[in-house]
Amino acid sequence: MSEIKLQEAVDRLKNSGVRITPQRHAVLEYLLNAKIHPTADDIYKALEGKFPNMSVATVYNNLRVFREIGLVRELTYGDSSSRFDCNTSDHYHIICDECGKIVDFHYPSLDEVESLAEKVTGFDVRDHRMEIYGTCADCKEKSLVKH
Ligand SMILES: [Zn+2]
Ligand SMILES: [Zn+2]
1 MSEIKLQEAV DRLKNSGVRI TPQRHAVLEY LLNAKIHPTA DDIYKALEGK FPNMSVATVY
61 NNLRVFREIG LVRELTYGDS SSRFDCNTSD HYHIICDECG KIVDFHYPSL DEVESLAEKV
121 TGFDVRDHRM EIYGTCADCK EKSLVKH
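Reading the sequence shown from the start, the letters are residues 1 to 147 in UniProt numbering.
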């Protein structure tokens, strides 16, 4: 399944005139297989063994290229720890307080919140973001074992 997604993504890069370097390919492959919404640092750490010459800056550059052609979405958190999401369909996130893992879930888009916000504030609404917080199943299990 992710092989097809990877090929599609590679085709999209090529069609956008982006050169596919081995590093770029590896970053893309990692992103498509990662379910946790990694940070640039996570990606760097996962790939540095394979590409000793690669820097975090290279990873960032690649992510920027992917973002510009719409292959990934960047979730910013006010500091440098942006998370990257290659699921660009509409979905919401639930985030683990313990390990920071972000999991996708689907729920009908809350469009009425956008129109209400627009009406109440007079803003032109661009997008919205909803996040749910809690403890993931893995962390819950770990805390049970500890006690
Ligand atoms: Zn967790
Ligand atoms: Zn997501």
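Ideal Cβ positions, reconstructed from N, Cα and C, are used throughout, including at glycine.
Cβ-based neighbour list, residue i, same chain, cut-off 6 Å, excluding 5 preceding and 5 following
i, result
"Gly100", "none"
"Tyr44", "Val56, Val59"
"Leu71", "Ala9"
Beta-carbon spacing of residue i, residue j below 7 Å
i, j, result
"Cys86", "Cys139", "no"
"Leu63", "Ala40", "yes"
"Ser109", "Asp90", "yes"
"Thr135", "Glu98", "yes"
Expected contact under 8 Å - CB spacing of residue i and residue j to nearest Å
i, j, result
"Glu74", "Ser82", "5 Å"
"residue 168", "Ala46", "No answer is possible for residue 168: the residues shown for the chain start at 1 and end at 147."
"Val125", "Glu112", "Between Glu112 and Val125 the Cβ distance is about 11 Å, and since that is not below 8 Å, they are no contact."
"Phe66", "Leu28", "7 Å"
Reference residue i; option with closest CA among the options
i, options, result
"Glu3", "Tyr92, Ile69, Cys136, His25", "His25"
"Ile102", "His37, Gly17, Asp11, Gln7", "His37"
"Phe51", "Glu98, Pro22, Gly78", "Pro22"
"Asp127", "Ser143, Lys142, Ala117", "Ala117"
"Asp104", "Lys119, Tyr77, Tyr133, Phe123", "Tyr133"
"Arg129", "Lys142, Tyr77, Val145, Lys146", "Tyr77"
Cut-off 8 Å between Cβ atoms - residues of its own chain near residue i, not counting five sequence neighbours on either side
i, result
"Glu48", "Met54"
"Glu131", "Tyr92, His93, Ile94, Ile95"
"Val18", "Arg24, Val65, Ile69"
"Asp42", "Ala34, Ile36"
Contiguous beta strand (DSSP E) assignments of at least 3 residues, all confined to the segment 30-93: Those beta strand (DSSP E) runs which fall completely within the segment 30-93 and span 3+ residues are 73-75, 83-85.
Could you pull out every unbroken beta strand (DSSP E) segment of at least 3 residues lying fully inside the segment 105-147, listed in chain order? Annotation: the segment 105-147 contains the following complete segments of the beta strand (DSSP E) (minimum length 3 residues), in chain order: 131-134.
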